[in-house]
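> In this note's numbering, the protein residues as written are 589 to 953. For each residue, glycine too, the CB sits at the ideal point set by N, CA and C. One structure, pasted below without further comment.
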């Protein structure tokens with residue numbers, strides 16, 4: 589594949605303020621060359637793993653049948669770009685059967701972190717940092733109920749999930765969470781828990797923080813012009829061109845919408861407004877399920893506010909926001925996928941992330 593030369597690339601002016609001897613500030617303009625690189629599929633590593641979409645969100649949340657994992661501790665001196673060599677797994681039947689595993693060290697891990705070596709559906713293996721922190725918006729429940737997390741989603745007491753192991757239910761990164769609802773907390777509060785290791789080598793989840801959120805009526809979604817402008821323009825273009833009229837819900841009347849690499853998802857209110865109008869015009873759509881996925885775990889509080897607001901403002905739109913590595917973890921099959929990110933053209937892991945998002949979007953009639 590050919591990369592375009594940076595010669596003759598457009599330039600961007602940056603402005604700054606300068607003042608001499610405390611005088612009136614003046615604006616100084618500098619011209620900065622913006623390099624331009626063109627990537628195509630030919631730039632992708634042919635051996636790159638691209639997650640295949642699952643039929644439903646439940647399939648993504650469930651532990652893949654037969655998948656195995658090994659727990660290990662990251663040794664000293666490792667970092668991004670390091671490769672760990674592990675002994676061959678017993679009774680391995682995949683492409684790496686009988687051979688030592690050479691696995692790339694996770695980008696978000698550090699020496700001393702707990703890691704899982706996880707077997708992919710195709711029989712190859714990868715390393716992933718263990719999930720040691722988790723936060724969730726408390727569903728409808730009462731003190732004394734037991735909530736179980738699976739696939740970074742919380743099951744209300746009236747939704748039964750078969751336990752994967754005795755410890756509870758499994759999070760995506762191979763850890764388990766079973767949470768007993770304490771007294772004096774209410775529906776719609778943000779619960780933060782942390783995995784604490786004991787002297788015996790075991791680990792258990794402990795309540796770290798309880799955050800009381802304001803009533804949904806007092807939550808104001810971000811609607812400033814820098815947030816609203818570009819996203820509203822993109823959604824308006826989809827509507828004006830009639831590209832949303834042919835979206836098809838699944839057999840249960842659920843219109844699945846994916847929002848990959850969503851960040852703090854400040855655009856949730858704009859998208860919910862559109863999806864509510866759309867669902868009202870689609871006779872077969874009973875409800876909309878909007879899934880946002882982001883690699884960073886720093887937005888739990890913003891997500892909780894968005895989910896609480898959505899429950900009241902758009903009851904037909906079920907919003908679920910979670911942490912996930914889309915270069916490895918599958919998305920559910922969706923009628924619509926919409927994602928915005930400034931780095932999607934950088935190549936590397938973005939080939940897998942964008943490839944997975946595109947594959948997950950069903951062809952509409």
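Hey, how far is the Cα of residue 936 from the Cα of residue 627?
Cα to Cα, residue 936 sits roughly 10 Å from residue 627.
> Going by DSSP in three states, residue 947 sits in which element: helix, strand or coil?
Helix, per DSSP.
> For residue 915, which residues from the same chain have a beta carbon less than 6 Å from its beta carbon, with the 5 sequence-adjacent residues on both sides left out?
Cβ within range, chain order: 937, 940, 941.
> In whole angstroms, what is the alpha-carbon distance linking residue 723 and residue 808?
One C-alpha to the other measures close to 21 Å.
> Give me the Cα-Cα distance between residue 945 and residue 931, rounded to the nearest whole angstrom.
The alpha-carbon atoms of residue 945 and residue 931 are separated by roughly 15 Å.
> Residue range of the alpha helix (DSSP H) that residue 864 falls in?
Element bounds for residue 864: 856-869.
> Counting along the chain, where does the beta strand (DSSP E) carrying residue 781 start and finish?
From DSSP, the beta strand (DSSP E) with residue 781 extends over 778-785.
> Counting beta carbon pairs with one atom in the stretch 803-823 and one in the stretch 855-862, are three or more of them shorter than 8 Å?
Short answer: they touch.
> On a Cα-Cα basis, can you pick out the residue from 924, 933, 820, 725 that is closest to residue 957?
Shown here, the chain extends from 589 to 953; a query on residue 957 therefore has no answer.
> With distances taken Cα to Cα, identify the nearest neighbour of residue 702 among 666, 661, 721.
When only C-alpha atoms are compared, the closest one is 661.
> So that I know if they touch, is there some Cβ in chain D lying closer than 9 Å to that of residue 840?
Among the chains of the structure shown, chain D does not appear; only one protein chain is present.
> Measure from the alpha carbon of residue 955 to the alpha carbon of each residue in 673, 868, 675, 911, then state which is nearest.
Only positions 589 to 953 of the chain appear in the structure, and residue 955 is not among them; the question remains open.
> According to DSSP, simplified to helix, strand and coil, what is residue 896?
The answer is helix: DSSP assigns residue 896 an H, G or I state.
> Could you please give the first and the last residue of the uninterrupted alpha helix (DSSP H) stretch that includes residue 919?
Per DSSP, residue 919 belongs to no alpha helix (DSSP H) and is neither H nor E.
> Within the same chain, show all residues whose beta-carbon is closer than 6 Å to that of residue 666, passing over the 5 residues directly before and after it, in chain order.
Excluding positions up to five away in sequence, the list reads 693, 699.
> Which class does residue 723 belong to by DSSP, given the choice of helix, strand or coil?
Note: residue 723 maps to strand in three-state DSSP.
> Please report how far the alpha carbon of residue 886 lies from the alpha carbon of residue 834, in whole angstroms.
So the two alpha carbons sit approximately 36 Å from each other.
> Quick one: give me the first and last residue of the beta strand (DSSP E) that residue 911 is part of.
Residues 905-911.
> By a C-beta neighbour count over all protein chains shown, 10 Å radius and 16 as the cutoff for buried, is residue 659 buried or exposed?
Counting Cβ neighbours within 10 Å, residue 659 comes out exposed, since fewer than 16 surround it.
> Using only CA atoms, which one of 631, 771, 711, 621 lies nearest to residue 934?
Residue 934 has its Cα closest to that of 631, out of 631, 771, 711, 621.
> Taking the alpha helix (DSSP H) that residue 822 falls in, what are its first and last residues?
Run containing residue 822: 813-828, per the alpha helix (DSSP H) assignment.
> Looking only at DSSP bridge pairs, what is residue 657 linked to?
Answer is 706, bridged to residue 657.
> For residue 636, which of 804, 828, 786, 710 has the nearest alpha-carbon?
Nearest of 804, 828, 786, 710 to residue 636, Cα basis: 710.
> How big is the Cα-Cα spacing for residue 901 and residue 788?
Their Cα atoms are separated by approximately 48 Å.
> In its own chain, which residues sit with a C-beta less than 6 Å from the C-beta of residue 848, not counting the 5 before and 5 after it?
Correct list, in chain order: 881, 914, 927, 945.
> Thinking residue 726 and residue 777 are a contact (beta carbons under 8 Å), I'd like their distance in whole angstroms, please.
Right, their Cβ atoms sit about 5 Å apart.
> Rounded to the nearest angstrom, what separates residue 687 and residue 791 at their Cα positions?
Straight-line Cα distance between these residues: approximately 31 Å.
> What span of residues does the beta strand (DSSP E) with residue 880 cover, start to end?
Run containing residue 880: 875-882, per the beta strand (DSSP E) assignment.
> Would you report the Cα separation of residue 795 and residue 625, rounded to the nearest angstrom?
Rounded to the nearest angstrom, the two C-alpha atoms are 47 Å apart.
> Run the CB neighbour count on residue 785, radius 10 Å, all protein chains shown included, and call it buried at 16 or more, exposed below.
The residue is exposed, with fewer than 16 neighbouring Cβ atoms inside 10 Å.
> Check the C-beta distance from residue 769 over to residue 735 and give it rounded, since I have them as a contact under 8 Å.
With 8 Å as the limit, residue 769 and residue 735 qualify as a contact, their Cβ atoms being about 6 Å apart.
> Using a Cβ-Cβ cutoff of less than 8 Å, which residues in the same chain neighbour residue 633 once the five nearest sequence positions on both sides are dropped?
These residues qualify, in order along the chain: 939.
> In this structure, what does DSSP give as the bridge partners for residue 717?
Residue 717 pairs with 703.
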